[in-house]
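Chemist: I have a structure here, written as structure tokens, and I will follow up with some questions on it.
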Amino acid sequence: PPIPPGPVENTTLGPLAKVHLVPAEVSLAPGASQRFELRGFDGLGHLLPNSAPSPPTFAAAGVKGAVSADGTLTAAADNVFSAGTVTAKVGEMTATARVRVAPKLPITEAFDTMPIDSAPPGWIGVGGGKTKIEERDGSKVLRKVASKEKPSPPFMRIRGYLTPPVSGGYTIESDILGTPRGERFRPDMGLINTRYFMMLMGNNQLWLESWSTMPRVHHEIPFNWETNKWYRMKLRVEPSEKEARIRGKVWVKGEPEPKDWTIEFVDPFPNLEGSPGIYAYSNGTTPKSDGPEVFYDNLQVIRND
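So for the sequence shown, the numbering used here puts the first residue at 37; every next one is plus one.
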């Protein structure tokens, strides 16, 4: 039998029922600008031309910057992290867009200006209770939470990215400390550079890895480390068109930096860009017990010499 015709779409435009801001989400560099456009729709989702009864009123919150009457947000020139919203109001209707401002390299972050119990603004993968700022050893640090209230894999493991992807050829380093859970469980913890991971593993190994879900690159060496002790980790990636040289160092915080690299690997199929970031996995977190945690401080990302 013939296929019956489908319903006829109602193309008659109705009254304004909903407003949206476009773009709905944006990442900006310090000092950069973005103009937001307000669009109105009727109850059936039809875009309404010139539907607003009056010009919208714009406001910014959280993000460091100022928004003009025409909806243009200009981020502050300060080379710091910030995140928040831009809101447009027309009558009783409002529309909101999310904004993050990620500093340009070089980046130095000691977490001293961030509020206690907050997560770093604008970072990807660290919100929702996964991390928080707290006091430890006389200064503010970033804590990777391992709570029995959230024992599922999305909370046990974090890949926290500081910025959008940037071109390779930089070095990331940070102070890092891991705590145990009993005598059996220790965290995995490390840094991310151009989609390469350097990780201190709980089983006393140091790994270099890329595309870790199904590792394309993997290199490991034995490395004995202690819980409740601060270490300094440094991960440098030197990419070219033919290869990438990945080098890492780990040493006890406060001691002189070793001259030699602790671990090295050459990737013949180089990653040429990627976000700097942090990594942690709280092995042994269960609904009955908190897991091992990781702390970060004095993080730095700089272009290679």
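We treat Cβ as the ideally placed atom computed from N, Cα and C, and that holds for glycine.
Val-273 and Ile-143 - do their beta-carbons sit closer together than 8 Å?
Modeler: As a first step, residue 143 is located in the sequence shown; it is residue number 107 there, counting from the start. As a first step, residue 273 is located in the sequence shown; it is residue number 237 there, counting from the start. Between Ile-143 and Val-273, the gap from beta carbon to beta carbon reaches 8 Å or more.
Chemist: So for Phe-331, helix, strand or coil by DSSP?
Modeler: As a working mapping, residue 331 is identified with position 295 in the sequence shown. In the structure shown, Phe-331 sits in a strand (DSSP, three-state: E or B).
Chemist: What does the alpha-carbon distance come out to for the pair Leu-227 and Tyr-317?
Modeler: Mapped onto the sequence shown, residue 227 falls at position 191. Mapped onto the sequence shown, residue 317 falls at position 281. Distance between the alpha carbons of Leu-227 and Tyr-317: 12 Å.
Chemist: Apart from the five residues on each side of it in sequence, which residues of its chain come closer than 7 Å, Cβ to Cβ, to Val-135?
Modeler: Taking the first residue of the sequence shown as position 1, residue 135 is located at position 99. Contacts found: Val-62, Leu-64, Val-99, Leu-109, Ala-119, Gly-120, Thr-121 and Val-122.
Chemist: According to DSSP, Asn-229 sits in a beta bridge with which residue or residues?
Modeler: In the sequence shown, the residue the question calls residue 229 occupies position 193. Asn-229 pairs with Tyr-232.
Chemist: Can you round the beta-carbon distance between Gly-214 and Thr-167 to whole angstroms, since I take them to be within the 8 Å contact cut?
Modeler: Locating residue 214 in the sequence shown gives position 178, where the first residue counts as 1. Locating residue 167 in the sequence shown gives position 131, where the first residue counts as 1. 14 Å between Cβ atoms; not a contact.
Chemist: Leu-141: which of Thr-207, Gly-127 and Asn-260 sits nearest, CA to CA?
Modeler: Residue numbering aside, residue 141 sits at position 105 when the sequence shown is read from its first letter. For Leu-141, the nearest C-alpha among the options comes from Thr-207.
Chemist: Enumerate in chain order the residues of its own chain whose CB-to-CB distance from Ser-69 is below 8 Å, with the five nearest sequence positions on each side excluded.
Modeler: On the sequence shown, residue 69 is found 33 positions in, with the first residue counted as 1. Closer than 8 Å at the Cβ level, and outside the excluded window around Ser-69, lie Thr-108, Leu-109, Thr-110 and Ala-111.
Chemist: Determine, using beta carbons only, whether Val-177 and Asp-333 come nearer to each other than 8 Å.
Modeler: Taking the sequence shown and counting its residues from 1, one reaches residue 177 at position 141. Taking the sequence shown and counting its residues from 1, one reaches residue 333 at position 297. Yes, Cβ-Cβ distance for Val-177 and Asp-333 is below 8 Å.
Chemist: Hey, out of Pro-139, Tyr-267, Asn-319 and Ala-146, whose CA is closest to Glu-219's CA?
Modeler: Within the sequence shown, the letter at position 183 stands for residue 219. Per the Cα distances, Asn-319.
Chemist: Could you give the DSSP three-state label for Pro-51: helix, strand or coil?
Modeler: Locating residue 51 in the sequence shown gives position 15, counting from the first residue. Here Pro-51 sits in coil by DSSP.
Chemist: For Val-286, collect the residues of the same chain with a Cβ closer than 6 Å to its Cβ; drop the 5 residues on either side in sequence, then sort them by chain order.
Modeler: Position 250 of the sequence shown, counted from the start, is the residue given in the question as residue 286. Hits under 6 Å: Tyr-267, Met-269 and Thr-298.
Chemist: Closer than 6 Å by C-beta to Leu-271: which residues in its own chain qualify, once you throw out the five before and the five after it? Chain order, please.
Modeler: Position 235 of the sequence shown, counted from the first residue, corresponds to residue 271. For Leu-271, where only same-chain residues beyond five positions count, the Cβ hits under 6 Å are Ile-208, Leu-227, Asn-229, Met-234 and Gly-284.
Chemist: Entirely within the stretch 213 to 273 and at least 3 residues each: give me those beta strand (DSSP E) ranges in chain order.
Modeler: 224 to 229, 232 to 237, 241 to 246 and 253 to 258
Chemist: Just the Cα atoms here: how many angstroms apart are Thr-149 and Val-44?
Modeler: Residue numbering aside, residue 149 sits at position 113 when the sequence shown is read from its first letter. Residue numbering aside, residue 44 sits at position 8 when the sequence shown is read from its first letter. For Thr-149 and Val-44, the distance between alpha carbons rounds to 58 Å.
Chemist: How about Lys-180 and Ile-194: do their beta carbons lie closer than 8 Å?
Modeler: To locate residue 180, count along the sequence shown from 1; it is residue 144. To locate residue 194, count along the sequence shown from 1; it is residue 158. Ile-194 sits close to Lys-180, with the two beta carbons spaced by under 8 Å.
Chemist: Report yes if the CB atom of Pro-312 is closer than 8 Å to the CB atom of Thr-199, and no otherwise.
Modeler: Counting from one through the sequence shown, the residue named residue 312 turns up at place 276. Counting from one through the sequence shown, the residue named residue 199 turns up at place 163. Their beta carbons are under 8 Å apart, which means Pro-312 touches Thr-199 by this criterion.
Chemist: Helix, strand or coil for Pro-275, going by three-state DSSP, please let me know.
Modeler: To locate residue 275, count along the sequence shown from 1; it is residue 239. The DSSP-derived three-state label of Pro-275 is strand.
Chemist: Could you tell me how far apart the beta carbons of Leu-49 and Phe-72 are, in whole angstroms, since I believe they sit closer than 8 Å?
Modeler: Taking the sequence shown and counting its residues from 1, one reaches residue 49 at position 13. Taking the sequence shown and counting its residues from 1, one reaches residue 72 at position 36. Not a contact, Cβ separation roughly 23 Å.
Chemist: State the start and end residues of the unbroken alpha helix (DSSP H) segment that holds Phe-191.
Modeler: The residue given as residue 191 occupies position 155 in the sequence shown. Unbroken alpha helix (DSSP H) run through Phe-191: 189 to 192.
Chemist: Quick check: what's the CA-CA separation for Thr-249 versus Pro-92?
Modeler: Along the sequence shown, one-based indexing puts residue 249 at 213. Along the sequence shown, one-based indexing puts residue 92 at 56. Roughly 46 Å between the two C-alpha positions.
Chemist: Which residue from Trp-261, Glu-262 and Trp-247 puts its Cα closest to that of His-255?
Modeler: Stepping through the sequence shown from its first residue, residue 255 is reached at position 219. Here the closest residue by C-alpha is Trp-247.
Chemist: Out of Leu-83, Gly-81 and Pro-223, which one is the CA nearest neighbour of Phe-331?
Modeler: By 1-based counting over the sequence shown, the position of residue 331 is 295. Checked all of Leu-83, Gly-81 and Pro-223; the closest Cα to Phe-331 is Pro-223.
Chemist: For the candidate residues Leu-74, Asn-86 and Asp-78, whose alpha-carbon lies nearest to that of Asp-106?
Modeler: Counting from one through the sequence shown, the residue named residue 106 turns up at place 70. Asp-106 has its Cα closest to that of Leu-74, out of Leu-74, Asn-86 and Asp-78.
Chemist: Mind checking which residues open and close the beta strand (DSSP E) that includes Trp-287?
Modeler: Within the sequence shown, the letter at position 251 stands for residue 287. Its beta strand (DSSP E) spans residues 280 to 288.
Chemist: By the three-class DSSP mapping on this structure, what secondary structure does Thr-162 have?
Modeler: For the purposes of this step, residue 162 is taken as the residue at position 126 of the sequence shown. Before going on, a small fix: residue 162 reads as Val here, not Thr. In the three-state reduction of the DSSP assignment, Val-162 falls in the coil class, being assigned neither a helical nor a strand state.
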